[in-house]
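Residue numbers (the working numbering): 1 to 138.
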């Protein structure tokens with residue numbers, strides 16, 4: 001499926017700022033199920049720095065707007081081609097080990113109701129993939 005994205009974000013400052021620096025994470029990921037056809041990020045009056053990949057593999061670019069700044073407008077447009085991989089992420093350049101996402105913190109610790117829902121949802125389902133699909137629609 002071909003998706004066209006048109007997105008605008010406006011940041012308003014009252015009182016005006018002397019200057020604004022922002023780290024932009026606005027580029028789509030590349031993996032077997034998604035290819036970027038074209039992509040554009042525009043910021044009015046910004047000086048843009050070199051882009052780099054962060055520890056998770058995401059593209060980051062810094063933009064600076066010198067002040068006084070009352071508003072920063074970020075325009076993102078592009079086209080991506082996606083392929084249905086049945087919910088399986090293949091070939092992603094993720095650098096964070098998946099086990100990081102399997103730990104709990106005081107903010108993400110599941111309560112009894114959520115644990116019960118998960119247990120009941122996967123009951124009788126054999127494979128990890130089928131369990132993941134069942135949990136996704138629970």
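Glycine included, each C-beta is placed from N, C-alpha and C at the ideal position.
Checklist entry - Nearest-angstrom Cα distance between residue 61 and residue 85? => result 29 Å
Checklist entry - Which one of 59, 81, 135 and 130 has the shortest CA to CA distance from residue 114? => result Closest option to residue 114, Cα to Cα, is 135.
Next on the checklist: Would residue 76 and residue 41 qualify as a contact pair, given that the criterion is a beta-carbon distance under 8 Å?
Outcome noted: yes
Item to check | Between the CA atoms of residue 43 and residue 74 - distance to the nearest angstrom | outcome: 5 Å
Checklist entry - With respect to the alpha helix (DSSP H) encompassing residue 130, which residues constitute its N-terminal and C-terminal limits? => result 128 to 137
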